[in-house]
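First residue of the sequence shown: 101, per the working numbering; consecutive thereafter.
Take a look at the structure set out below.
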Amino acid sequence: MQKILVTGAVGQIGSELIMELRKRYGNNNVVAGVHRTQPGEKLTNSGPCETVDCTNVEQLNSVVKKYNFDTIYHLAAILSAVAEEKPNLAWNVNINGLYNVLEVAREQGCAVFTPSSIGAFGESTPLDNTPQDTIQRPSTMYGVTKVAGELLCDYYFKRFGVDTRGVRYPGIISNETLPGGGTTDYAVEIYYEAIKNKKYTCNLGKGTYLDMMYMPDAIKAAIDLMEADPAKLKHRNAFNVTTMSFDPEKIAASIKKIIPEFVLNYDVDPVRQAIANSWPNSMDDSDAREEWGWNPEYDLEAMTKDMLEVLSKKLK
Ligand code: SER
101 MQKILVTGAV
111 GQIGSELIME
121 LRKRYGNNNV
131 VAGVHRTQPG
141 EKLTNSGPCE
151 TVDCTNVEQL
161 NSVVKKYNFD
171 TIYHLAAILS
181 AVAEEKPNLA
191 WNVNINGLYN
201 VLEVAREQGC
211 AVFTPSSIGA
221 FGESTPLDNT
231 PQDTIQRPST
241 MYGVTKVAGE
251 LLCDYYFKRF
261 GVDTRGVRYP
271 GIISNETLPG
281 GGTTDYAVEI
291 YYEAIKNKKY
301 TCNLGKGTYL
311 DMMYMPDAIK
321 AAIDLMEADP
331 AKLKHRNAFN
341 VTTMSFDPEK
351 IAASIKKIIP
361 EFVLNYDVDP
371 VRQAIANSWP
381 NSMDDSDARE
391 EWGWNPEYDL
401 EAMTKDMLEV
411 LSKKLK
């Protein structure tokens, strides 16, 4: 990787991935593709920023030509809860946007990283120890776009030789940028509220187990996969990756070890609950471990300790 574009650079993952990429590959070699949300000073002061709307193929094409990118981390996407509210927008961004990125990558010889998600599974998937290759019949627009995206990336690799790679991210927990309308957002908000108010009202019910991951591991997954020896990759796109599985009670218990007075209440949102019920409780990520050495660092206790330390300074 010499010259890298990150779309969705202001988003939850993008805002942190870009700083790590700039550290590794040089500030001027990593361009932040931004759209709608204005980038903060951290992004603009540390390297180039360009307006990139992935649904506008001409604009995308001219930015990729201008910098002669060899790699695109395509993170611009609509998350699950927003996609249920605005299915049309989700289709346009998640499918047409990805299609444009793949076409530009094909024409200009770029490798492409695209995140899929636990949302690519559905009720008929085995939800415990969910295999890498299994039934995928999601019941959400987000899931439909994620499955189609996985297939499209596979197609561009097989048909045109575009070096496409990707992982199925679980819920991502981070302390820099808030997620934008996902089903797993509670697992971020709970830490902010624990610091601010020592209590939190959760929109998913007790016993809702989902795969989760702390941001440093999510970044590691993306970069490690893009740097992996392609000869060893059998799957390429949509690798299951996870680091922990918990329900609201378990994350609350880990917070209570550090903030004993913390109280968890529930006010279940039926839309988010239905989405969560159709997603895996825990995925099997052994193929990622075997094919490219996926080896995460944070478990729930280590993540909680770090989140509370960082946020208590940030929210002072
Ligand atoms: N965190 C995402 C969401 O909840 C899952 O990919 O939409």
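Note that CB positions come from ideal geometry on N, CA and C, so glycine has one too.
State yes or no: is the C-beta of residue i within less than 8 Å of the C-beta of residue j?
i: M326; j: F169; result: no
i: V110; j: T151; result: no
i: D311; j: T342; result: yes
i: V130; j: L160; result: no
i: T230; j: I375; result: no
i: I290; j: I355; result: yes
i: L411; j: V368; result: no
i: V267; j: A388; result: yes
i: I351; j: L400; result: yes
i: R336; j: T234; result: no
i: K334; j: E391; result: yes
i: V262; j: A205; result: yes
i: K298; j: V371; result: no
i: W394; j: D385; result: yes
i: V157; j: E223; result: no
i: K258; j: Y167; result: no
i: A328; j: L408; result: no
i: F346; j: Y398; result: no
i: I113; j: A318; result: yes
i: N377; j: T301; result: no
i: N340; j: Q232; result: yes
Buried or exposed: which applies to residue i, given that a residue is buried once 16 or more other Cβ atoms fall within 10 Å of its Cβ?
i: P348; result: buried
i: G209; result: exposed
i: G197; result: buried
i: L278; result: exposed
i: S274; result: buried
i: N145; result: exposed
i: S162; result: exposed
i: L415; result: exposed
i: D228; result: exposed
i: L124; result: Per the sequence presented here, residue 124 reads as Arg, with Leu not at that position. Per the 10 Å Cβ criterion, exposed.
i: L251; result: exposed
The beta strand (DSSP E) spanning residue i covers which residue range?
i: C253; result: Per DSSP, C253 belongs to no beta strand (DSSP E); it is in the alpha helix (DSSP H), M241 to F260.
i: L105; result: I104 to T107
i: R268; result: V267 to Y269
i: S274; result: Premise fails: S274 is in no beta strand (DSSP E) and is neither H nor E.
i: T342; result: Element bounds for T342: n/a, residue is neither H nor E.
i: V288; result: From DSSP, V288 is part of no beta strand (DSSP E) but of the alpha helix (DSSP H) over Y286 to K296.
i: D58; result: Residue 58 is absent from the model: the chain starts at 101 and stops at 416.
i: A211; result: A211 to F213
i: K299; result: K299 to C302
Need the endpoints of the alpha helix (DSSP H) that residue i sits in, please.
i: G114; result: G114 to Y125
i: T164; result: Note that residue 164 corresponds to Val in the displayed sequence, not to Thr. Run containing V164: V157 to Y167, per the alpha helix (DSSP H) assignment.
i: Y199; result: L198 to Q208
i: L310; result: Not the alpha helix (DSSP H): L310 falls in the beta strand (DSSP E), residues L310 to Y314.
i: V371; result: P370 to N377
i: A132; result: No alpha helix (DSSP H) contains A132, which is instead part of the beta strand (DSSP E) from V130 to V134.
What distance in whole Å lies between the Cβ atoms of residue j and residue i, which are believed to be in contact at a cut-off of 8 Å?
i: T245; j: A331; result: Actually they do not touch by this definition, with Cβ atoms about 30 Å apart.
i: E116; j: M315; result: 6 Å
i: A177; j: N188; result: That belief does not hold up - the Cβ atoms of A177 and N188 are roughly 15 Å apart, past 8 Å.
i: G133; j: V106; result: 6 Å
i: P215; j: Y269; result: 5 Å
i: L179; j: G280; result: 6 Å
Could you please go through the chain and list the residues whose beta-carbon is closer than 5 Å to any non-hydrogen atom of the ligand SER? Selection output, chain order preserved: L179, S180, S217, G219, G271, G282, T283 and T284.
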